[in-house]
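Notes follow the structure.
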Amino acid sequence: MKNLLLLTTLLLALAVAPIGTTWAQKKSSNISLYLGGGVNLAKAEVAGFYDKTSQSTSRFSFGFFADKIVKGNLAIRSGLFYNGLGQQYKVNEKSQQDEFNYFTVPVQAKISFKESPFSLYAGPQFSYLLNATWKPDADTKALMTDQFQKLNVSAAGGIICAFTKRFSMAFEYQSSLGSTLDKLYADNLPDGTSYTPNAYS
317 MKNLLLLTTL LLALAVAPIG TTWAQKKSSN ISLYLGGGVN LAKAEVAGFY
367 DKTSQSTSRF SFGFFADKIV KGNLAIRSGL FYNGLGQQYK VNEKSQQDEF
417 NYFTVPVQAK ISFKESPFSL YAGPQFSYLL NATWKPDADT KALMTDQFQK
467 LNVSAAGGII CAFTKRFSMA FEYQSSLGST LDKLYADNLP DGTSYTPNAY
517 S
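What follows is the structure in structure tokens.
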């Protein structure tokens with residue numbers, strides 16, 4: 317509970333933190349910086365050895381983003397953020413959970429609309445797996461990082477609504493491009509086994 321309160325406070329601080337001088341300097345060179353965070357409703361598309369009904373689990377994401385105007389309303393969107401993914405499922409009526417912790421760098425195209433608070437973005441994301449854990453119950457965690465690829469490529473897209481210059485909200489979908497299982501590990505599993513994380517946020 318203490319960790320949840322601390323993280324919630326951090327996310328609220330990121331949402332309202334003033335950009336100040338840095339914002340003004342970057343804006344003059346057609347670069348805008350943003351701090352932000354949110355909640356991922358994470359699931360996974362699974363098959364073979366992992367073929368269980370995947371249910372959503374709540375994970376967090378937070379970090380910074382940068383928009384570089386290319387021409388007119390077109391910009392390149394990048395940044396660096398912590399990206400929590402995973403899934404929840406049942407084994408013999410007992411709820412279990414997988415959790416993945418990534419550092420993610422998006423490289424996306426962003427289109428803004430004149431005289432409108434809305435913008436759209438889409439493109440690839442490149443992620444580094446910090447660790448992966450399996451939680452068979454609320455009090456137990458086991459590392460399973462070596463069962464998954466360290467580097468992951470995903471696709472993401474979403475819509476942003478800017479309420480002010482310093483506050484906006486977004487709706488996004490992201491999905492890994494293919495299974496994230498380590499190839500050597502997957503070779504020892506039944507044919508057709510796959511594990512593909514995705515999330516709405």
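All residue numbers for the sequence shown refer to the working numbering, where the first residue is 317 and numbers rise by one.
C-beta: ideal position from N, C-alpha, C; glycine also.
| Asked | Found |
| --- | --- |
| Through-space distance from Gly-395 to Tyr-437, alpha-carbon basis | 13 Å |
| Pair within 7 Å by beta-carbon distance, Arg-393 and Lys-426 | yes |
| C-alpha gap between Met-460 and Ala-363, whole angstroms | 18 Å |
| Between the CA atoms of Lys-384 and Leu-349 - distance to the nearest angstrom | 9 Å |
| Candidates Phe-365, Leu-390, Pro-433, Asn-447, of which the one nearest Lys-481 by Cα | Pro-433 |
| Asp-507 in three-state terms, based on DSSP | coil |
| Pair within 7 Å by beta-carbon distance, Gly-474 and Phe-487 | yes |
| Cβ shell of Tyr-418 (< 8 Å), same chain only, five flanking positions each side left out | Tyr-398, Asn-399, Gly-400, Leu-401, Ser-443, Tyr-444, Leu-445, Leu-446, Asn-468 |
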